[in-house]
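In terms of the working numbering, the sequence shown is numbered consecutively and its last residue is 160.
From the three backbone atoms N, C-alpha and C, an ideal C-beta is built for every residue, glycine too.
A short worksheet on the structure shown next.
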Amino acid sequence: MAEERDMISPFEPRQVSQSGANRVISYGTSSYGYDVRCADDFKVFTNIHSATVDPKAFDERSFVDVKGDVCVIPPNSFALARTVEYFKIPRNVLTICLGKSTYARCGIIVNVTPLEPEWEGNVTLEFSNTTTLPAKIYANEGAAQMLFFESDEECEISYLDRGGKYQGQQGVTLPKA
């Protein structure tokens, strides 16, 4: 379905996983979903300015920009990243983003988010480090899994119809009021 409808770009039709010295956290098509990669640009949360976290008036200074193959998340903090893949969700599909077990077993949680019918863009991923130690996230490797739920009918009002504020987002996107 994803390849036929051009839902994911770039699309990896198989599960990519390497072992040995070139280990990679798996990505690509899985049994019933798709494992996405995060790109190499991150926003790491910091409390250096002691700003109040407010989704209606978010202070961009609460993040430090990091670019690289690895992002280290401070203890009990979080980081934002974006998917390498760009999504175009059909009108009769709902997509749910879940964390991968490899990260979950290290205390790194990916926030569960929906991709609504007719939403498109790079997905902004949120990684929470629930541990008391620094934690690593790897760019261009598996970061989260997307599950697709296809309905036998189209939704009445899609994300596009509503003029959703995150439509067409590219890059790491901060909260919008």
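Three-state secondary structure (DSSP) of residue i
{"i": "residue 20", "result": "strand"}
{"i": "residue 116", "result": "coil"}
{"i": "residue 14", "result": "coil"}
{"i": "residue 111", "result": "strand"}
{"i": "residue 103", "result": "strand"}
{"i": "residue 86", "result": "helix"}
{"i": "residue 121", "result": "strand"}
Opening and closing residue of the beta strand (DSSP E) in which residue i lies
{"i": "residue 48", "result": "46 to 50"}
{"i": "residue 65", "result": "61 to 71"}
{"i": "residue 126", "result": "125 to 133"}
{"i": "residue 53", "result": "53 to 56"}
Where the alpha helix (DSSP H) through residue i begins and ends
{"i": "residue -12", "result": "No alpha helix (DSSP H) holds residue -12; DSSP gives it neither H nor E."}
{"i": "residue 144", "result": "142 to 145"}
Residue burial classification, residue i (beta-carbon count within 10 angstroms, cutoff 16)
{"i": "residue -10", "result": "buried"}
{"i": "residue -16", "result": "exposed"}
{"i": "residue 69", "result": "buried"}
{"i": "residue 108", "result": "buried"}
{"i": "residue 160", "result": "exposed"}
{"i": "residue 132", "result": "exposed"}
Beta-bridge pairing of residue i - partner residues as DSSP gives them
{"i": "residue 80", "result": "96, 129"}
I want to know whether the segment 61 to 71 touches the segment 23 to 40 - three or more CB-CB distances under 8 Å. yes
The segment 143 to 156 contacting the segment 76 to 84, beta-carbon criterion three pairs below 8 Å: no
When the Cβ atoms of the segment 48 to 60 are set against those of the segment 117 to 128, are three or more pairs found closer than 8 Å? yes
Any 3 or more C-beta pairs closer than 8 Å across the segment 5 to 20 and the segment 39 to 50: no
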